[in-house]
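Under the working numbering, the first residue of the sequence shown carries the number 2, and numbering increases by one thereafter. For reference, the structure is listed below as structure tokens.
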Amino acid sequence: MRPGPPLLLTLLMALGGCATAPPSNPENICAIFREKPDWHDAALKVQKKWGAPVPVPMAMMYQESSFKQDAVPPRYYFLGIIPWGRVSSAYGYAQAKDETWADYKKDAGGWGSSRDDFADALDFMGWYMSKTQRINGISKWDAYGQYLNYHEGWTGYRNRSYDRKAWLKTVSQKVQARAEKFTAQYKNCEGDLTRGGWLW
Numbered sequence: 002m003r004p005g006p007p008l009l010l011t012l013l014m015a016l017g018g019c020a021t022a023p024p025s026n027p028e029n030i031c032a033i034f035r036e037k038p039d040w041h042d043a044a045l046k047v048q049k050k051w052g053a054p055v056p057v058p059m060a061m062m063y064q065e066s067s068f069k070q071d072a073v074p075p076r077y078y079f080l081g082i083i084p085w086g087r088v089s090s091a092y093g094y095a096q097a098k099d100e101t102w103a104d105y106k107k108d109a110g111g112w113g114s115s116r117d118d119f120a121d122a123l124d125f126m127g128w129y130m131s132k133t134q135r136i137n138g139i140s141k142w143d144a145y146g147q148y149l150n151y152h153e154g155w156t157g158y159r160n161r162s163y164d165r166k167a168w169l170k171t172v173s174q175k176v177q178a179r180a181e182k183f184t185a186q187y188k189n190c191e192g193d194l195t196r197g198g199w200l201w
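As structure tokens, this is what we get:
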């Protein structure tokens, strides 16, 4: 009889099994919510709490992490060859930075929140979108303007820092296009989802 794996390896395998896999079809918001109904519940709560329309933070999250719960920025390489930490402290579904996440927990009361928890990360995005509207007057339906604020910060947006970043404008246009696609898709399944699930 072959001996079993060491205890440490067994524990690591068990922990790895707890990780939440990204949706199998991230290009379709209906498929995402059909596969992960708890994500739809979370999105509806964010919409009710912060007024963030379901497709917009979902489109932003797609861009930020591709729905990977432990997403991190690329590494910085000293002299181009020596790994030297990450380019920022961004982490999780929403790619929230340490200082912004701390502000969210203080402001929104989410002291037990985690950046690798989908519901918490989406709530963070709803909070940020709500403040973007209040501070800079950007509609929560305006995925382009919301994403520019999300990436550059409220002060950076007011100073038009994005004007020096043609690549960021291009990415923001992609977020806007995806939000529009998600919106069209969601209209076709919202009723079924909110009535309690899909009929098989």
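For each residue, glycine too, the CB sits at the ideal point set by N, CA and C. Predicted model, so just to flag it, every value in this text is computed and none were measured.
Cβ neighbour criterion (16 or more within 10 Å) applied to residue i
| i | result |
| --- | --- |
| Asn150 | buried |
| Gly146 | buried |
| Trp51 | buried |
| Ala20 | exposed |
| Gly110 | exposed |
| Pro84 | With a pLDDT of only 41 at Pro84, under 50, the local geometry of the prediction cannot be trusted, and the value read off the model is given with reservation. Exposed: under 16 other Cβ atoms inside 10 Å. |
| Thr171 | exposed |
Under 9 angstroms between C-beta atoms of residue i and residue j
| i | j | result |
| --- | --- | --- |
| Phe119 | Gln70 | yes |
| Leu123 | Tyr148 | no |
| Ser67 | Pro23 | yes |
| Tyr158 | Thr133 | yes |
| Gln186 | Ile30 | yes |
Residue from the options whose Cα sits closest to the Cα of residue i
| i | options | result |
| --- | --- | --- |
| Lys98 | His41, Ala43 and His152 | His152 |
| Asp143 | Ala53, Tyr163 and Phe125 | Ala53 |
| Thr156 | Arg135, Val176 and Trp40 | Arg135 |
| Val47 | Asn26, Ser131, Arg35 and Ser115 | Ser131 |
Per DSSP, the bridge partner or partners of residue i
| i | result |
| --- | --- |
| Ala144 | In DSSP, Ala144 forms no bridge with anything. |
| Ala97 | Tyr92 |
message: Using a Cβ distance threshold of 8 angstroms, determine whether the stretch 170–188 contacts the stretch 43–58, with at least three qualifying pairs required.
response: yes
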